[in-house]
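Position one of the sequence shown corresponds to residue 2 (this note's numbering), numbered consecutively onward.
The beta carbon of each residue, even a glycine, is placed where N, CA and C say it ideally should be.
Here the structure is laid out as structure tokens; the discussion comes afterwards.
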Amino acid sequence: MAEAAAAAPEIRPLVPYLTLGETREQDYLNGSKCGNCGTMYVGPRLFCPKCSSDGPFESVRLSDHGEVYVYSVIHQATPYVKAPYIAAIVDLPEGVAVNTNIEGVEPDPKNIPFGMKVKMFTEKVSEDREGNSYIAYKFKPA
Ligand SMILES: [Zn+2]
2 MAEAAAAAPE IRPLVPYLTL GETREQDYLN GSKCGNCGTM YVGPRLFCPK
52 CSSDGPFESV RLSDHGEVYV YSVIHQATPY VKAPYIAAIV DLPEGVAVNT
102 NIEGVEPDPK NIPFGMKVKM FTEKVSEDRE GNSYIAYKFK PA
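And the structure:
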């Protein structure tokens with residue numbers, strides 16, 4: 002019996018709420034808007050805890066820019082992660098917040114004011130044994 006041809010490596014999002022475009026500049030985050038009360042969420046939803054509705058939910062393309070709500074400079078990480086780095090929560094104009102890393106600035110509190118304007122970008126962060134690439138979103142100073 003002939004062996005099945007190996008599938009061509011794919012480019013995959015690291016999280017399900019990141020949609021990949023033809024180029025990394027076209028990537029964007031997805032949100033959901035409750036059709037009953039209008040509450041926004043990051044990623045897909047099946048239930049709205051605010052109004053106890055099961056939808057329908059409207060898919061919304063989230064903005065690629067926001068403001069740093071809070072952050073922490075992480076000095077100790079797992080062996081394959083370079084430290085120090087900035088772990089942050091970024092508020093988006095749609096009224097949702099995303100967990101992310103901030104890059105493009107030295108991880109020192111004097112460089113990172115709360116409310117700092119940031120812009121999203123995406124890049125390859127990992128590859129599996131089959132050669133599939135994984136794309137993550139991050140933010141950098143706008
Ligand atoms: Zn709702």
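Exercise. Counting pairs of Cβ atoms below 8 angstroms between the segment 55–69 and the segment 22–32, do you hit three or more?
Worked result: yes
For this session: Using 10 angstroms around the beta-carbon of Asn100, count the other beta-carbons present and answer buried if the total reaches 16, otherwise exposed.
Result: One-based indexing of the sequence shown puts residue 100 at position 99. Asn100 should be labelled exposed.
Problem set entry | Distance, Leu47 Cα to Ala88 Cα | The residue you call residue 88 lines up with position 87 of the sequence shown. The residue you call residue 47 lines up with position 46 of the sequence shown. So the two alpha carbons sit approximately 28 angstroms from each other.
Problem set entry | Distance CB(Val69)-CB(Met117) smaller than 8 angstroms | To locate residue 69, count along the sequence shown from 1; it is residue 68. To locate residue 117, count along the sequence shown from 1; it is residue 116. Yes, the pair counts as a contact, with Cβ atoms nearer than the cut-off.
Problem set entry | Bridge partners - Asn133, DSSP secondary structure assignment | On the sequence shown, residue 133 is found 132 positions in, with the first residue counted as 1. Note: Asn133 sits in no beta bridge, so no partner.
Exercise. Secondary structure at Asn102, three-state DSSP: helix, strand or coil?
Worked result: Against the sequence shown, residue 102 aligns to sequence position 101. Correct three-state label for Asn102: strand.
Exercise. Hey, how far is the Cα of Gly56 from the Cα of Cys49?
Worked result: Here residue 56 corresponds to residue number 55 of the sequence shown, with the count starting at 1. Here residue 49 corresponds to residue number 48 of the sequence shown, with the count starting at 1. Taking the straight line from one Cα to the other gives about 7 angstroms.
Problem set entry | Assumed close pair Tyr138, Met121 - CB separation to whole angstroms, cut-off 8 angstroms | As a first step, residue 138 must be located in the sequence shown, where it is residue number 137. As a first step, residue 121 must be located in the sequence shown, where it is residue number 120. Indeed, because the Cβ distance is near 6 angstroms, the residues count as touching under 8 angstroms.
For this session: Report yes if the C-beta of Ser54 is less than 7 angstroms from at least one heavy atom of ligand 1; otherwise report no.
Result: Mapped onto the sequence shown, residue 54 falls at position 53. For ligand 1, at least one heavy atom lies less than 7 angstroms from the Cβ of Ser54.
Exercise. Smallest Cα separation from Lys51: which of Gly36, Ser64, Gly44?
Worked result: Looking up residue 51 in the sequence shown gives position 50. Taking only the C-alpha atoms, the option nearest Lys51 is Gly36.
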